[in-house]
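So the structure is just underneath, and the comments pick up after that.
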Amino acid sequence: MRTKAIVLGILLAGLSCLGTVPALGQEQDEDVRGAFLTTRPKAVDRKGSETVKPNRRRPRTVQNKTSGSVSATATVTVKTTPVTDSKAGSQKLGLGLTLFTRNSLGLAVRVDPTHVFHKGDRVRVLLETNTDGYLYIFNTTDGGPPMMIYPNKDIDDGGNYLQSHVPIEIPSSGASEERLRWLAFDERAGVERLFFVFTREPLANVPIEDELVAYCKGKEGGCNWDPSTDLWTQIQKEMAAPVQTSIVQRTGKSQTSNEQQSATRGIGLSKEDPPPALVTLTTSTSRNLLVATMDLIHQPAGSATNP
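For what it's worth, this note's numbering labels the leading residue of the sequence shown as 9, then goes sequentially.
Right, here's the structure in full:
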């Protein structure tokens with residue numbers, strides 16, 4: 009399975025499950041979801057028709073020091089300039105993920121992550137965080153070596169800074185062409201995994217923004233930065249750390265206009281907007297890095313049936 013993700017310039021494929029999610033009681037599930045949503049504002053002003061491209065570049069009010077939640081000896085040496093955040097460490101890190109597929113009418117609708125996808129199916133991920141920070145997305149194919157697919161030199165100017173509850177779509181529904189707005193599956197079967205890494209400060213020695221653009225300059229046929237062995241080992245260790253999760257089943261529900269506008273115009277979601285399908289929280293406010301995974305499964309037509 010090799011899904012053709014034109015926007016990211018990489019091959020992706022099929023979707024199966026959003027990581028390994030332990031069974032939770034309803035009360036605990038609601039507590040996790042509530043802890044994530046409590047920092048959403050009660051209401052958001054959406055007046056005005058002007059479309060503003062979200063700014064994913066880090067704020068310039070920064071300290072001049074090298075830092076990061078994960079350090080490694082990488083092929084590119086970058087001095088990171090972490091944001092000074094007075095709220096850092098005051099709340100648990102949280103990630104919200106919702107998977108959408110394109111239906112027969114061309115609309116984005118929520119889909120069960122255990123759905124088996126086939127040639128011609130298209131999907132998109134909506135991601136939201138509960139605090140300001142930095143997003144990295146890595147991809148492995150059939151358990152092979154990882155590569156970083158976000159930040160990307162061709163998306164958001166290589167930036168990866170997310171504001172609290174201002175969602176991001178992968179790929180964006182605001183792309184100039186329909187074919188660029190979805191991850192499209194081809195006929196080849198396989199399994200891939202997406203690793204969503206969210207940090208309070210930039211990862212050390214990982215190029216972003218101008219550093220990433222410079223790293224990719226002159227490279228033909230696309231450019232994806234590969235993490236070092238040490239960095240990937242650290243990320244794998246973080247995956248073993250305990251987390252809290254909450255799942256909301258809203259399969260078949262259409263993406264709301266507020267969700268779409270929030271992602272394409274850089275507007276925050278409010279408490280009245282739908283919650284993410286999967287919420288993952290760190291169990292401690294001292295954690296500075298959170299990893300959530302999405303397994304992707306793609307099979308030829310007729311080889312499997314969906315539940």
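Heads up, the beta-carbon is just placed ideally off N, CA and C, and yes, glycines get one too.
Which residues in the same chain have their Cβ closer than 6 Å to the Cβ of residue i, if we skip the five residues on either side of it in sequence?
i: F146; result: P154, M156, F203
i: L32; result: Reliability of the predicted coordinates at L32 is poor, the pLDDT of 46 falling under 50, and no value is obtained from them.
i: D150; result: G198, V199
i: P49; result: S278
i: E186; result: none
On a CA-only basis, which of the options is nearest residue i? Give me that one, please.
i: D162; options: S262, L220, D39, D53; result: L220
i: S112; options: L103, L105, D120, D129; result: D129
i: S270; options: K261, G260, P282, W190; result: P282
i: G42; options: G230, T301, S278; result: S278
i: T104; options: S294, I305, H306, E267; result: Sequence check: residue 104 is Gly here, not Thr. Of the candidates S294, I305, H306, E267, the one whose C-alpha sits nearest the C-alpha of G104 is E267.
i: N232; options: P49, T106, P159; result: P159
i: E98; options: R118, A248, T109, T139; result: For clarity, residue 98 is Ser in the given sequence; the question names Glu instead. Selected option, being the one with the closest Cα: T139.
i: I216; options: P235, E228, G229; result: P235
i: T237; options: G152, T264, S184, A183; result: G152
i: V131; options: T149, T148, T106, I275; result: T106
i: I305; options: K227, K225, S265, T148; result: T148
i: C224; options: F206, D37, G166, R64; result: G166
i: F206; options: T259, G226, R187, L289; result: L289
i: A248; options: L188, T291, K227; result: T291
i: R64; options: D218, R187, F125; result: D218
At a Cβ threshold of 8 Å, is residue i touching chain B?
i: D129; result: You won't find chain B in this structure, because it holds only one protein chain.
What does the alpha-carbon distance come out to for the pair residue i and residue j?
i: D201; j: R68; result: According to the sequence as given, residue 201 is Arg; it is not Asp. Those two C-alpha atoms are separated by around 33 Å.
i: S172; j: E136; result: 8 Å
i: R66; j: T253; result: 28 Å
i: P210; j: Y169; result: 9 Å
i: S180; j: A197; result: 25 Å
i: T272; j: P62; result: 7 Å
i: V40; j: I255; result: 10 Å
i: D303; j: V199; result: 7 Å
i: L143; j: D164; result: 12 Å
i: K127; j: W190; result: 13 Å
i: L298; j: D194; result: 31 Å
i: V133; j: R118; result: 10 Å
i: I178; j: E35; result: 31 Å
i: G114; j: Q307; result: 22 Å
i: T264; j: E246; result: 33 Å
i: A309; j: G230; result: 30 Å
i: I243; j: V251; result: 14 Å
i: T47; j: G274; result: 17 Å
i: A192; j: D37; result: 32 Å
i: S184; j: S262; result: 21 Å
i: E228; j: G276; result: 36 Å
Here's the rule I'm using: 16 or more other beta-carbon atoms within 10 Å means buried, otherwise exposed. How should residue i be labelled?
i: K100; result: buried
i: A116; result: buried
i: T109; result: buried
i: P175; result: buried
i: T301; result: buried
i: R54; result: exposed
i: T83; result: Bear in mind that the predicted position of T83 carries a pLDDT of just 37, short of 50, making it unreliable; the figure below should be weighed with that in mind. By the neighbour-count rule (16 or more Cβ atoms within 10 Å), T83 is not buried but exposed.
Could you give the DSSP three-state label for residue i: helix, strand or coil?
i: Q34; result: helix
i: S270; result: helix
i: L115; result: coil
i: G167; result: coil
i: I216; result: coil
i: R295; result: coil
i: D303; result: strand
i: L277; result: coil
i: T45; result: Reading off the sequence, residue 45 comes out as Leu, not Thr. Helix, per DSSP.
i: V251; result: strand
i: E246; result: helix
i: A192; result: strand
i: E186; result: helix
Cutting at 8 Å between CB atoms, please list the residues of its own chain near residue i, excluding the five before and the five after it.
i: Q257; result: D120, A285
Whose C-beta lies closer than 7 Å to the C-beta of residue i among residues of the same chain, with five residues either side of it excluded?
i: M240; result: In the sequence on display, residue 240 carries Trp and not Met. Here the set comprises P154.
i: V287; result: V40, R41, F44, G102, G104, T253, S254
i: G260; result: V117, R118
i: G182; result: T272
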